[in-house]
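A.B. asks: I have a structure here, written as structure tokens, and I will follow up with some questions on it.
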Amino acid sequence: MRIVVMVSGSGTNLQSILDAVQADLLDVEIAAVGADKPCRGIERAADSGIENFVVSPSDHADRAAWNRALEEKIASYAPDYVIFAGFMRIVDADLVGRFEGRIVNTHPALLPSFPGAHGVRDALAHGVKITGVTVHVVDSGVDTGPILAQAAVPVLDGDDEEALHERIKAQERSLLVTTIKNLSGGAID
Ligand code: GAR
């Protein structure tokens with residue numbers, strides 16, 4: 264199974280995929296790692312000798328042009344799956360349709376609660392006692408696609424956004440690797 268992994272930031276979820284492949288715990292080929300801007304995740308890919316690219320919105324005339332450029336770049340690697348591992352951009356319906364059912368996103372909340380860019384902050388602000396992580400298929404909505412896997416994480420007294428997000432990410436990294444493994448083994452349709 265060939266995958267393209269998309270990132271926007273620190274890339275710790277990407278690193279868990281890289282580590283699992285390196286350790287022969289995950290039998291996938293990481294064809295490339297892409298981002299919307301230079302970031303630590305891209306450096307992690309380069310450090311591991313993985314092909315990498317940046318397609319930045321600021322280099323394109325408008326949103327549609329950026330989506331088409333990103334779509335073509337991803338397609339050039341002929342991936343079986345595209346993994347949004349901390350990719351903080353919303354892509355358009357045409358891009359989703361090009362890879363229909365084959366884009367997988369990880370989100371730091373128990374969807375359908377707290378979609379969007381601030382899943383951890385929004386859950387804390389709401390006062391929930393349990394939140395978590397969701398790995399799901401991307402559809403044309405924002406964090407609305409079919410759920411593949413979830414893990415719960417308790418909110419502790421005194422949690423701030425950073426502390427809670429770190430505990431979520433500890434769960435997220437293994438849930439994402441396990442889900443990709445299941446996809447590669449055909450365990451999830
Ligand atoms: C992850 O927690 C991921 O779920 C979140 O960004 C973090 C990236 O961490 N994504 C979203 O919030 C998408 N809406 P990482 O760069 O260290 O893997």
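Residue numbering for the sequence shown follows my numbering, starting at 264 and increasing by one per position.
Heads up, the beta-carbon is just placed ideally off N, CA and C, and yes, glycines get one too.
Provide the residue(s) that pair with Thr-369 in DSSP beta bridges, ordered along the chain.
C.D. replies: Thr-369 pairs with Val-398.
A.B. asks: Can you list, in chain order, the residues of its chain whose CB lies under 8 Å from that of Leu-277, leaving out five sequence neighbours each side?
C.D. replies: Cβ neighbours of Leu-277 beyond the five flanking positions: Val-268, Val-270, Val-296, Gly-304, Arg-307, Ala-308, Ala-348 and Gly-349.
A.B. asks: Can you determine whether any heavy atom of the ligand GAR sits closer than 7 Å to the C-beta of Val-317, and answer yes or no?
C.D. replies: Not under cutoff, so the answer is no.
A.B. asks: When the Cα atoms are used, what is the spatial distance from Arg-361 to Ala-328?
C.D. replies: Arg-361 and Ala-328: Cα-Cα distance of roughly 15 Å.
A.B. asks: Given a cut-off of 8 Å on the beta-carbon distance, is the pair Val-396 and Thr-369 in contact?
C.D. replies: Contact flag set, yes.
A.B. asks: Can you tell me where the alpha helix (DSSP H) holding Ala-386 begins and where it ends?
C.D. replies: Start and end: 382 to 389.
A.B. asks: Hey, would you say the C-beta of Lys-432 is under 7 Å away from at least one heavy atom of the ligand GAR?
C.D. replies: Yes, the ligand GAR has a heavy atom inside 7 Å of this Cβ.
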